[in-house]
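Residue numbers (the numbering used here): 56 to 456. Think of the CB as a built atom: it goes at the ideal place given N, C-alpha and C, for glycine as much as any other residue.
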Amino acid sequence: MITALRGMKDILPPQNQKFEYFLKHTSKIVKKYGFEFIETPLLEETALFKRSVGESSDIVGKEMYQFLDKGGNDVCLRPEGTAGVVRAFVEKKLDRIGGINRFFYYGPMFRYERPQKGRFRQFHQFGVESFGIQSHFEDANIILMTKEILDFFGINYTLKLNSLGCPTCMTPYRKTLIDFLDSVHNTLCEDCHRRKETNPIRVFDCKNEHCQTALKPAPRLNQHLCQSCDTHFSALRDILDDQKIAYELDPNLVRGLDYYNQTAFEFISGDLGAQNAVAGGGRYDKLVSFLNGKETPAIGFAIGIERLMEMIEVPQTSREGYYFGALCPQAIDTVFKVATKQRQSDKVTLSYEKKSLKAHLKAADRSNARYCAVIGEDELANQTIWIKDLEEKTEYTAPLD
RNA sequence: GUGAGAUUAGCUCAGCUGGUUAGAGCACUGGUUUGUGGUGCCGGGGGUCGCGGGUUCGAAUCCCGUAUCUCACCCCA
């Protein structure tokens, strides 16, 4: 038997209903905020992700599905959605046109990781990207929108918020932090030594007690924000406070992708196990120019669809449409004709086999049809059809027409 | 990449210290005094016991390897 590759899942009933339900309502919500659908390729040049997500990130460093195609191009299955959208944005010269562009997308992403609860090698994200607005109002808007989506599906979550600063404040801070880490080098664990090289702020997440103790006097990012980042961040918090949005300031919240700056946020849920981030995003004002576009402020987020689906309950669908069946072989042709006609206006399930009335009723019940309509010898003789309303439990005979 | 647990029917699982034709519940399917579902009763189909080696007279059961799943580290949506 050939099985799906490790960490790759099929989406079959009843999960498929959740998927469609999620997509339908989430698309509807983001459209209210002015976002338009965009589709970008699953396969992109490897250089795109190296330059956007960053070579120091785990995603690019060790999780990419990377290979040479038959033309010898170095390509990757996309590990995330933002890079492709920004590439398209620049390629179509929307940066030159200027103005505001808002896009949403959804689809599979690929990361070669060890599968775990809420973590797959092929998984789906729903994301949005907003280009052209530097204002903290857009940050607030994006957060409000994410909240609206999660609230719609009745998800329990905590919103974590942080500001990652900008090159002006982050570069010197990074140096200050690394200097500090060097000063306590011997007390830090191996993981922290590695973090110091790749993503120094990560050391604050270390679970090792010795490290935590050693890090107590470490310089914190939130005390080193420059004037403009600090203003931006506090203005955003004022809006959230005003809107009565609960959030936790988490100075250790770091987006693992290199392109983020200033506002970073994450919606986490306790119902998801270790992979508890259900949605995350932030501002990336430099990315467009990194990809050779004209500098354009931008902010976006992505939702992990599988993670969200873990927590979604699809409202029960009521009985709908007709089930048609024949009680004797001679009636099958007639049933087929009647059912085909009915299908012009209603959902119709059709049995191609002669079965007992009991069997048909059972099948109709299972198919969640509202009406069970059958034709037997009597009906055939009288040119009628017997119909039972499975909800009202009433039955009647109608003429065939 | 590291660690722990798991793998027996479509699903959830039982199968004691190795011993004859591997079981249950649910699901599926058929029947049940004449053509009545979701809720009775009886029957039926369906398993190379993840895969490959080994120990043994004999392995679902013990040993080794391997794959996959699950959870955690790590990382992130």
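Out of I358, R310, D237, point me to the one whose CA is closest to P163's CA. Relative to P163, the option among I358, R310, D237 whose CA is nearest is I358.
When you compare the CB positions of Y161 and H179, do they come within less than 8 angstroms of one another, or not? For Y161 and H179, yes; Cβs fall inside 8 angstroms.
Based on Cα-Cα distance, which residue from H265, Q317, G325 lies nearest to C221? Of H265, Q317, G325, the smallest CA-CA separation from C221 is found for Q317.
Which residues bound the alpha helix (DSSP H) around M200? For M200, the enclosing alpha helix (DSSP H) covers residues 191–207.
List the residues that DSSP assigns as beta-bridge partners of T318. BP columns for T318 point to S218.
Which residue comes first and which comes last in the beta strand (DSSP E) that contains T242? Where T242 is concerned, there is no enclosing beta strand (DSSP E), given that its DSSP letter is neither H nor E.
Nearest to Q399 by CA position, among F207, G376, P255, D388, is which residue? The option with the nearest alpha carbon to Q399 is G376.
With a floor of 3 residues, list each beta strand (DSSP E) that falls wholly inside the segment 245–282, ordered by position along the chain. Counting whole runs of 3 or more residues, the segment 245–282 contains no beta strand (DSSP E) stretch at all.
N-terminal and C-terminal residue of the beta strand (DSSP E) that M366 is part of: In the DSSP assignment, M366 falls outside any beta strand (DSSP E) and carries neither an H nor an E.
Going by DSSP, which residues form a beta bridge with N156? N156 is bridged to F186.
When burial is assigned at 16 or more other CB atoms within 10 Å of the CB, is L270 buried or exposed? Answer is buried; the Cβ neighbour count reaches 16.
From Y407, Q385, K83, residue whose alpha carbon lies closest to that of T395: The option with the nearest alpha carbon to T395 is Y407.
Opposing strand residues paired with M164 [DSSP bridges]: The partner list for M164 (beta bridge, DSSP) reads F178.
Might you give, ordered along the chain, the residues of its own chain that have their beta carbon closer than 7 angstroms to the beta carbon of K402, omitting 5 neighbours on each side? Around K402: E375, G376.
Three Cβ pairs or more, each shorter than 8 angstroms: is that satisfied between the segment 197–209 and the segment 109–127? Segments in contact, no.
Give me the Cβ distance between V85 and M200, rounded to the nearest whole Å; I'm assuming they're in contact under 8 angstroms. About 6 angstroms; that satisfies the 8 angstroms criterion.
Run the CB neighbour count on L149, radius 10 Å, all protein chains shown included, and call it buried at 16 or more, exposed below. It counts as buried.
Residues bridged to P454 [DSSP beta-bridge criterion]: Paired residues: T439.
Exposed unless 16 or more other CB atoms sit within 10 angstroms - verdict on H287: Looking at its Cβ environment, which holds 16 or more other Cβ atoms inside 10 Å, H287 is buried.
Between the Cα of V183 and the Cα atoms of E450, I197, Q189, which residue gives the shortest distance? Minimum Cα-Cα distance from V183 among the listed residues E450, I197, Q189 corresponds to I197.
Any contact between the segment 335–347 and the segment 138–157? By contact I mean 3 or more CB pairs, one from each, below 8 angstroms. By the Cβ criterion, the segment 335–347 is in contact with the segment 138–157, since at least three pairs of Cβ atoms, one from each stretch, lie closer than 8 angstroms.
Quick check: the Cα distance between L312 and T58, rounded to an integer number of angstroms? Distance between the alpha carbons of L312 and T58: 32 angstroms.
N211 versus E365: straight-line alpha-carbon distance, rounded: Just so you know, the alpha carbons of N211 and E365 end up roughly 12 angstroms apart.
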